[in-house]
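Reviewing the structure listed below.
Residue numbers (the numbering used here), protein chains in the order written: chain A, 193 to 786; chain B, 193 to 786.
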């Protein structure tokens, strides 16, 4: 046993639970170190342009992107459970940050402090969810809604970057506002910027498709070729920066990154102004949930490949710590990113230490390399973003959901349209709401069928689907759903409808084989049905009630009031009631086993 | 066949659907007329003080209460489906109106116009729900939450009226604000008002308990005695009005109703100011839903007693029309009231024509009787309200839900506490939200069990509850819930956990007997489970899939990807897989009937 394993086994379990770092740090060896270091170098090279670009997308100064990738990575390495997740600014969260800050209005604080506050609130919310083990809340975002949201966000993000490619001023949170801004700005197009932006975009698309095969052809191994292709954006950054510097293009209207402080991340504080906090808490919650969902799906995908496990509640703590870290060191909301994590994984990262080395690399870059990006044109960063996010756009979810279920299709379509038309916050909120409403609607009208006996068997089936035997005095109803407040009234209505105009009816049996729960509202409806049938001279019975449901019913007075019995099986119910009729006596409650 | 039955049978069904009046008006006869007329006279006498009181509760001039009971009653008689529901101002909706108007702030319109606008928005929302047949939305308010909300509202309403009993000025929407206001106002107590208020309250409580037996003892028949008791509040009104007038108490600080216009309801218009509309739409929706839920439960209770049916979607249209009517004739939001409907029913109303006669009676009262209530003390109206609403307060729902289910108890408790502490709007919104969240939480962690064969039978049961036979190579898992986005990830996690450390495992069978639906998110999870198990060399099978679920699965590619089979029964699945193992060949997909 390694020394630190012994250490961790001596620590209280709460400590090891909240500090997954104790689990792997003790078994760290040279082999893992070399894997982690190589991955860290590659990820660092990839992150420099990406971080700058996402800061631009969030509407923040470029250095904020680098700062948001240093302390957060280290904190996630300590508190997170994924071995290979890379935390930092990501496209969708950066867009949501821009939307949240843009809607803030005049609260008397600057944009940078507002971003810190958003990261702080998001971190605090994630920590809270993690400590109270509420990670399941993220499940209320259905997969199709997430797919639709990501696709629509990708379109919004790409559109938002066109102004940098064209060299014009424009703003807006929705597709229409953005397109309108672009249209009005067409007169001010800077053609040099367009030349840089379009060639950078074209180059980056080519890098995605063509660079790796080229590198293979000139003799590089598959891994090296892959890594070279991943570093493609760096070539674009270097080439366009040099061009702007050498040709003096900044004086000819090309928008550049400009002066970036040559320093380690500063110590910063979020605002605790109540007006700001209350304005940002809603967006912070949405950002946290979207960020968590994105991060956990990346983390689980990668963990599955190496048969590792992710603890969703501890992931909330890891991401929460990362965001608090971002708010204290000049960053903005962060989460686990898909592309950077995949690169980290493919490059051979073995433990979260790779993240720590990446943070070190970025800190060195912040100290030494920032003067070099003074002349970096924003058009190049915009090209980086556009090429990255267009891979998120995937309308196939519409086709897929259309074929499978109109309800899911509706949720996806509404999410996409509202995200494009009204922005990310409305879009994702509507997606969650409509998913939940559709679920409630579906379960609020459960499938109910009158059933009869399949001749010669003990099976009971829908009278509309099978040739079955029926008894005049007995109505057997099967309900295909748990009974709860949203369908309690429907249950009452349907049973009253079925009973109406059946003058010869003496018994109604409700088959509960598919009823996994009966809540208090549904219990009251069952009591109402029992009383109403009693007034009509009809007895009400239940059959095939599941154990946990029966346990619950025994806590109420319903079984005392029930005019009929609870039968173990539907067949026994029908047999008992038929025999009782021919023998002219009532079935006794005692004679029926539960 | 009566002439108008023939008429209605010749009309397009859409007309008869939207105009239930056509259904009963043609068969109207003298017998029904006399029943309706007697009921209308009694209800009119009861409604005069009640309408004035609820206008006071809503913070409106007293005549608004009478106006809100005239046209709305007529419109409901035309469009509603209940034969005996009496529509007008009710306590809870009046309190919600006061809260909504109090929170409006300075929008540049007067309180009366704001009330008209609220009624208009509420009516429009109800009509919309009715036309689109969305009445099921009201089901999202669970019975326990409604009980808790009504109880808390009753306490709030009674507390809000104490200021009139004490003759002091106070305001507030929440219990704490109200108590604080009463405390600060204690110095200004008007003892004459207290004397009137307390004796009116005591008298009205006695009327409820003691008047009917007294009337019986002096020789009245049971029906007349009952009606006499219902008219009790009118005695209090007359006695205190006379006392105030004769003794000149208005000059000694007793707050009186004052001048009430002697006129029919005026023609009024709601405001269409966008600021006002957007401020009132939220409260209007809450008022509509609460009003609809209250109204429909009264209507259904009464209809059931005479074996009549209520159409919830048409009820929305009836109540919507009534509220639009209220907004056009100087009223405020109305709904079907419990006490007035019961009185109407008990007094022998047979058709909605009784409502029309009540409206006529109130119109006459508005024209002729209003000068007589000039000296009516507000303390008497407050006493009427207090005695009426205290019958709404019923904490037994807390005990009942505590015994049956902690989840329902939590929802009720949160609703009561938030309604008292933060007001009606927050309270009822929180109640709806928490009901839905609890439902989602419960279904997000479905009960899953590993099952085995009960020896000698074809039954499969939970290994933790029964002595069952298991096969080393086969893991059979039963899931007790429909599979949808909220539990899709949980399903994945649980199955991966069950499979971990089972090196000898070759087959996983998911028993779907209780699965009523698989949505697209859950389908994706099943695909992920299938792929993950495949990577582990384990085949994934389904058993006992229901017909509609299977139909849906056939619309996807899942069945093509599935490494295993879909079996009709769990027993056949286990038999097939065991035989296949002993005979050393794979079960063929074709060999299995679906």
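Idealized CB from N, CA, C, for every residue including glycine.
For clarity, every value in this text was computed on a predicted model and none was experimentally measured.
CB of residue i within 8 angstroms of CB of residue j, strictly
{"i": "residue 559 of chain A", "j": "residue 456 of chain A", "result": "yes"}
{"i": "residue 514 of chain A", "j": "residue 323 of chain A", "result": "no"}
{"i": "residue 642 of chain A", "j": "residue 624 of chain A", "result": "no"}
{"i": "residue 249 of chain A", "j": "residue 286 of chain A", "result": "yes"}
{"i": "residue 339 of chain A", "j": "residue 589 of chain A", "result": "yes"}
{"i": "residue 220 of chain B", "j": "residue 545 of chain B", "result": "yes"}
{"i": "residue 570 of chain B", "j": "residue 599 of chain B", "result": "no"}
{"i": "residue 490 of chain B", "j": "residue 277 of chain B", "result": "yes"}
{"i": "residue 710 of chain B", "j": "residue 700 of chain B", "result": "no"}
{"i": "residue 415 of chain A", "j": "residue 567 of chain A", "result": "no"}
{"i": "residue 610 of chain A", "j": "residue 604 of chain A", "result": "no"}
{"i": "residue 337 of chain B", "j": "residue 597 of chain B", "result": "no"}
{"i": "residue 691 of chain B", "j": "residue 478 of chain B", "result": "no"}
{"i": "residue 281 of chain B", "j": "residue 314 of chain B", "result": "no"}
CB contact check: residue i to chain A, cutoff 8 angstroms
{"i": "residue 320 of chain B", "result": "no"}
{"i": "residue 331 of chain B", "result": "yes"}
{"i": "residue 681 of chain B", "result": "yes"}
{"i": "residue 673 of chain B", "result": "yes"}
{"i": "residue 647 of chain B", "result": "no"}
{"i": "residue 788 of chain B", "result": "Outside the shown range of chain B (193 to 786) lies residue 788 of chain B, about which nothing can therefore be said."}
{"i": "residue 249 of chain B", "result": "no"}
{"i": "residue 511 of chain B", "result": "no"}
{"i": "residue 748 of chain B", "result": "yes"}
{"i": "residue 275 of chain B", "result": "no"}
Boundaries (first-last residue) of the alpha helix (DSSP H) holding residue i
{"i": "residue 595 of chain B", "result": "588–596"}
{"i": "residue 352 of chain B", "result": "335–358"}
{"i": "residue 579 of chain B", "result": "570–582"}
{"i": "residue 372 of chain A", "result": "367–377"}
{"i": "residue 520 of chain B", "result": "504–520"}
{"i": "residue 303 of chain A", "result": "303–323"}
{"i": "residue 213 of chain B", "result": "213–217"}
{"i": "residue 220 of chain A", "result": "Note, residue 220 of chain A: premise wrong, no alpha helix (DSSP H); not H, not E."}
{"i": "residue 547 of chain B", "result": "545–560"}
Within-8 angstroms CB hit, residue i to chain B
{"i": "residue 400 of chain A", "result": "no"}
{"i": "residue 195 of chain A", "result": "Legend: pLDDT at residue 195 of chain A = 44, less than 50; position of this residue unreliable, no value from coordinates given."}
{"i": "residue 633 of chain A", "result": "yes"}
{"i": "residue 628 of chain A", "result": "yes"}
{"i": "residue 491 of chain A", "result": "no"}
{"i": "residue 709 of chain A", "result": "yes"}
{"i": "residue 587 of chain A", "result": "no"}
{"i": "residue 328 of chain A", "result": "yes"}
{"i": "residue 776 of chain A", "result": "Unreliable positioning characterises residue 776 of chain A in this predicted model, as indicated by a pLDDT of 43, which lies under 50. The coordinate reading is nonetheless provided below. No, because no Cβ of chain B sits closer than 8 angstroms to the Cβ of residue 776 of chain A."}
{"i": "residue 498 of chain A", "result": "no"}
{"i": "residue 558 of chain A", "result": "no"}
{"i": "residue 744 of chain A", "result": "yes"}
Counterpart residues of residue i in DSSP-defined beta bridges
{"i": "residue 621 of chain B", "result": "Paired residue(s): none; residue 621 of chain B is not in a bridge."}
{"i": "residue 654 of chain A", "result": "A:643"}
{"i": "residue 280 of chain B", "result": "B:527"}
{"i": "residue 731 of chain A", "result": "A:699"}
{"i": "residue 661 of chain B", "result": "B:645"}
{"i": "residue 821 of chain A", "result": "A question about residue 821 of chain A goes unanswered here, because the residues of chain A that appear run from 193 up to 786."}
{"i": "residue 666 of chain A", "result": "A:699"}
*What residue ranges within the stretch 396–482 of chain A form continuous alpha helix (DSSP H) runs of no fewer than 4 residues, ordered along the chain?*
404–409, 414–422, 424–439
*Enumerate, from N- to C-terminal direction, the unbroken alpha helix (DSSP H) stretches of 4 or more residues contained entirely within the stretch 740–765 of chain B.*
Counting only runs of 4 or more, we get 750–753.
*Tell me the start and end of each unbroken beta strand (DSSP E) in the stretch 228–268 of chain A that is at least 3 residues and wholly inside, in chain order.*
none
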